[in-house]
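Presented below is the structure to which this report refers.
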Amino acid sequence: MALVPCQVLHAAILLSYCSILCNYKAIDMPAHQTYGGSWKFLTFIDLVIQAVFFGICVLTDLSSLLTRGNDSQEQERQLKKLISLRDWMMAVLAFPVGVFVVTMFWSIYIYDRELVYPKLLDNFIPAWLNHGMPEKSLPLFLSYLDRMLELTKNILYLLINGAQHTTVLPFVLIEMRTTHHQYPSRSCGLAAVCTFAVGYILWVCWIHHVTGVWVYPLLEHLSPGIKIIFFAAVTVVINVFYLVGEVLNNYIWDTQKCVEEGKEKPKLE
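Residue 61 in this note's numbering is what sits at position 5 of the sequence shown, and the numbering runs on without skipping anything.
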């Protein structure tokens, strides 16, 4: 028996994502004010995907509780539709995209931190710490209050980035371990993942066409031919993560099924 019911985990994870999304607006990031806004970054899109997914999980849990002991076939059909949507999102979006974001971020971070976390210390340590005296144009109290707000915003920025690039992975692994998900057929699943990957790549290319600037600085240093290879490799990697999720899901629940069957099997005398 799980130490914490999966319904409680779903609600807690959903609240954490909603909190991050709400606090996201409290941080003034210039890159988010340009064309495409936050939606040009895969990390933000993934954050929304995770929030929507766990929202569907909570809705499914509530519907399951409400229909328990109810013989209404219509409610049963609606519940099955929710479960199918939940399983599809887990298989096609939540797991492969989430794992891809975490893996790519930390791989590039290890290779060159500046490509994904430029001037980290400047973000963590605000410029006002380098000055010994408060601004003369502000009263002392307001000056220190302004500094504390600036420090809070910078710390919040780091926490949000950590949530986007780190906690996504343990959350989806916990979900996979606590809830069985029925994966779609492999061909349909891979087709959906490819559609998402190609759609995002086209979105990135469109932003460059409109603004003349690539969303990710790394692309500025790649020739057109290498860009094509890079985009193809990204699509392949996301598809590989889909297959990893499918295999992991089958392994976890096939193993658990064998354990449960072993417990139910009577002992031979």
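For every residue, glycine included, the Cβ atom is placed at its ideal position computed from N, Cα and C.
If you check the beta carbons only, do residue i and residue j fall under 9 Å apart?
{"i": "Ile56", "j": "Ala147", "result": "Outside the modelled stretch of the chain, which goes from 57 to 325, sits residue 56, for which no answer is possible."}
{"i": "Leu65", "j": "Ile230", "result": "yes"}
{"i": "Tyr73", "j": "Leu103", "result": "yes"}
{"i": "Ile294", "j": "Tyr91", "result": "no"}
{"i": "Leu225", "j": "Gly111", "result": "no"}
{"i": "Asp117", "j": "Ala67", "result": "yes"}
{"i": "His286", "j": "Leu275", "result": "What sits at residue 286 in the sequence shown is Phe, not His. Contact flag set, yes."}
{"i": "Lys96", "j": "Val260", "result": "yes"}
{"i": "Leu71", "j": "Cys113", "result": "no"}
With burial defined as no fewer than 16 other Cβ atoms inside 10 Å of the residue's Cβ, what is the status of residue i: buried or exposed?
{"i": "Tyr298", "result": "buried"}
{"i": "Gly281", "result": "exposed"}
{"i": "Ala253", "result": "buried"}
{"i": "Val300", "result": "exposed"}
{"i": "Asp143", "result": "buried"}
{"i": "Lys192", "result": "At Lys192, the pLDDT of 42 sits below 50, so the modelled position is not reliable; the number obtained from the coordinates is stated separately. Burial call: exposed."}
{"i": "Asp310", "result": "exposed"}
{"i": "Leu122", "result": "exposed"}
{"i": "Lys323", "result": "For Lys323, the predicted model reports a pLDDT of 44, less than 50, meaning its position is unreliable; a value from the coordinates is still stated below. Under this definition Lys323 is an exposed residue."}
{"i": "His187", "result": "In this prediction, His187 has a pLDDT of 31, which is less than 50 and means its spatial position is unreliable; what the coordinates show is noted afterwards. His187 is exposed by the Cβ-count criterion."}
{"i": "Leu198", "result": "Because the pLDDT of Leu198 is 48, which lies under 50, any placement of that residue in the model is unreliable, and the number read from its coordinates should be weighed accordingly. By the 10 Å Cβ count, Leu198 comes out exposed."}
{"i": "Lys136", "result": "exposed"}
{"i": "Ser75", "result": "exposed"}
{"i": "Tyr272", "result": "exposed"}
{"i": "His237", "result": "buried"}
{"i": "Val266", "result": "exposed"}
{"i": "Tyr167", "result": "exposed"}
{"i": "Val269", "result": "exposed"}
Among the candidates the options, whose CA atom is the shortest distance from the CA of residue i?
{"i": "Tyr307", "options": "Leu121, Arg233, Thr123", "result": "Arg233"}
{"i": "Ser241", "options": "Ile101, Ser140, Val157", "result": "Ser140"}
{"i": "Leu258", "options": "Leu98, Glu130, Pro61", "result": "Leu98"}
{"i": "Val292", "options": "Pro61, Thr123, Pro152, His277", "result": "Pro152"}
{"i": "Leu138", "options": "Phe109, Leu274, Ala247, Val260", "result": "Phe109"}
{"i": "Phe161", "options": "Met145, Thr223, Arg124", "result": "Thr223"}
{"i": "Val249", "options": "His277, Leu71, Glu302, Val269", "result": "Glu302"}
{"i": "Gly245", "options": "Leu70, Ser163, Met145", "result": "Met145"}
{"i": "Gln134", "options": "Asp127, Ser119, Arg124", "result": "Ser119"}
{"i": "Phe47", "options": "Val290, Gln89, Ala107, Tyr165", "result": "Past the boundaries of the shown model lies residue 47; the chain is included only from 57 to 325, so the question cannot be answered."}
{"i": "Phe100", "options": "Val158, Glu130, Asn126", "result": "Val158"}
{"i": "Ala289", "options": "Phe156, Ser243, His277", "result": "Phe156"}
Residue i and residue j look like a contact to me (Cβ under 8 Å); what is the Cβ gap, rounded to whole Å?
{"i": "Thr235", "j": "Cys78", "result": "That pair is no contact at about 26 Å."}
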